[in-house]
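Have a look at the structure below, then the notes.
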Amino acid sequence: MTTPKLAVIIPFFQRKTGILAKALASIAAQQYPNDAIYVIVVDDCSPVPIAEELTAYPAPAGLRVQTVQQAKNSGPNEARNAGLENLEPGTQLVAYLDSDDEWVGDHLARAVRALACGYSAYFANLFHLGDTVNEIEKAKRVRPEEHSVVDGDPTLRAYQGDMVHQIATANIIFMPSLVIDVAALGKARFPQAHRHGGGDYLYWMDLIQHGAKFVFSTQPEVRCGSGINMWYGSGWGTDGYAMRIVDEARFRRRVLTEYARSEETKSALRQRLAELQVGMLQDMAHRARHGKAIHWKVCRMFFAENPISSAFASKLFSALVAFIRQK
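All residue numbers in the sequence shown are consecutive under our numbering, ending with 374.
Rendered as structure tokens:
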């Protein structure tokens, strides 16, 4: 079997030097043939410019790296779209990696092998920042034994079920482990905006709309860093949390109106939207108690887009009971 030509797309926005070097070293460590792989690093107006970074920390010998400069800072999703627009002719596979993440094990070889079995999108288990337990074992969002074995390897599984429901209720796909078949899925794009969260989820929905057939690895193949992950490390009162709620609600509502088919999925999405309404109130209360400015404009925008629902009262009551018990 010939080795597919593969592009690795990396959105780059860093405030410290030396971070990208680990990601590039992990790509080189995959030992993918040099003539069949190249890296596109998209500089999203990074405080540390990509030219400066690569001068101080050159790419590993033999690894071909091309750079794309964004005209303005637009967030990781727009940067990934810019990478997709700059694929070289003949590119067969696209792999994604964030500038602070690292691949471990034989990620690319396993992806190529699995995709060759008739699938168009591959993703893998991973370790989130600071974790010593992998995501599948920790979150238990997927039971590998319920999905058929691929190529006689019990660590490779063909996803079976409603992936829209899976992503909307208990996501199992993470950006730095994703590898796609360009011929089948290359027209899918990340949505504009959603820079605070949800854009990658909507990209997966677009992959589904383009007929993605998913295969996944139960082996951890990524170790995540702390850079552009919007869904971890934030909570009530932290900067950007309110906008994260806004963008997540936009994602959930769009899935509810455009992608969800089963009533079970729609009900789960409505419940999550109610939880986000309560979450916005909790963030406002937390900031008020701690003398922080409340983002009134963001709050008004959120509730204008998400009018109080019938599920809100129940979620609010549960939150109040939990608060009282803590006291």
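Don't be surprised by glycine CBs; every beta carbon is placed ideally from N, CA and C. Everything numeric in this text was worked out from a predicted model, so none of it was measured.
In the DSSP assignment, residue 261 falls within the beta strand (DSSP E) that extends over 261-270. For residue 59, the uninterrupted beta strand (DSSP E) segment begins and ends at 53-59. Nearest to residue 109 by C-alpha distance, out of 89, 123, 88, 74, is 74. For residue 100, the closest alpha carbon among the candidates 62, 260, 204, 319 is that of 62. Comparing C-alpha distances from residue 269 to each of 357, 351, 155 shows the shortest one belongs to 155. Here residue 197 has 161, 164, 203, 204, 205, 262 as same chain residues with Cβ atoms under 7 Å from its own Cβ, once five neighbours each way along the sequence are excluded. Distance between residue 223 and residue 148, taken at the CA atoms: about 7 Å. In the DSSP assignment, residue 293 falls within the unbroken alpha helix (DSSP H) covering 288-301. The shortest C-alpha to C-alpha distance from residue 233 to any of 92, 70, 131, 362 is the one to 131.
With respect to the C-alpha of residue 247, the residue from 289, 297, 273, 272 having the closest C-alpha is 297.
By the Cβ neighbour-count rule, residue 179 is exposed, with fewer than 16 other Cβ atoms within 10 Å of its own. If the five residues before and after residue 120 are omitted, its C-beta is found closer than 6 Å to the C-beta atoms of 91, 92, all from its own chain and listed in chain order. Boundaries of the beta strand (DSSP E) harbouring residue 195: 195-197, taken from the DSSP string. Residue pairing by DSSP places residue 89 opposite 58, 115 in a beta bridge.
Contact annotation, residue 124 with residue 237: C-beta distance approximately 4 Å; criterion of less than 8 Å satisfied. Listed as beta-bridge partners of residue 166 by DSSP are no residues whatsoever.
Shown here, residue 151 sits in coil according to DSSP, grouped into three states, outside any helix or strand. Cβ contact annotation for residue 342 (same chain, cutoff 6 Å, sequence separation greater than five): 289, in chain order. Residue 226 carries a strand assignment under DSSP once its states are collapsed to helix, strand and coil. DSSP, reduced to helix, strand and coil, places residue 174 within a strand of the structure shown. The residues 71, 112, in chain order, have a CB closer than 7 Å to that of residue 106 in the same chain once the five nearest residues on each side in sequence are set aside. Residues of the same chain with a CB within less than 6 Å of the CB of residue 358, apart from the 5 flanking positions on each side, are 317, 318, 321 in chain order. Between the beta-carbon of residue 158 and that of residue 226 there is about 4 Å, and that keeps the pair under the 8 Å contact cut. Counting only the Cα atoms, residue 239 lies some 17 Å from residue 60. One alpha carbon belongs to residue 305, the other to residue 249, and they sit about 11 Å apart.
Counting of Cβ neighbours within 10 angstroms places residue 118 among the exposed residues, the total staying below 16.
Between residue 57 and residue 146, the CB-CB gap stays under 8 Å. For residue 204, the uninterrupted beta strand (DSSP E) run begins and ends at 200-205, by DSSP.
Taking a C-beta distance under 8 Å as the contact criterion, residue 50 and residue 83 qualify as a contact pair. One Cα belongs to residue 54, the other to residue 127, and the distance between them is close to 12 Å. In the three-state reduction of the DSSP assignment, residue 363 falls in the helix class.
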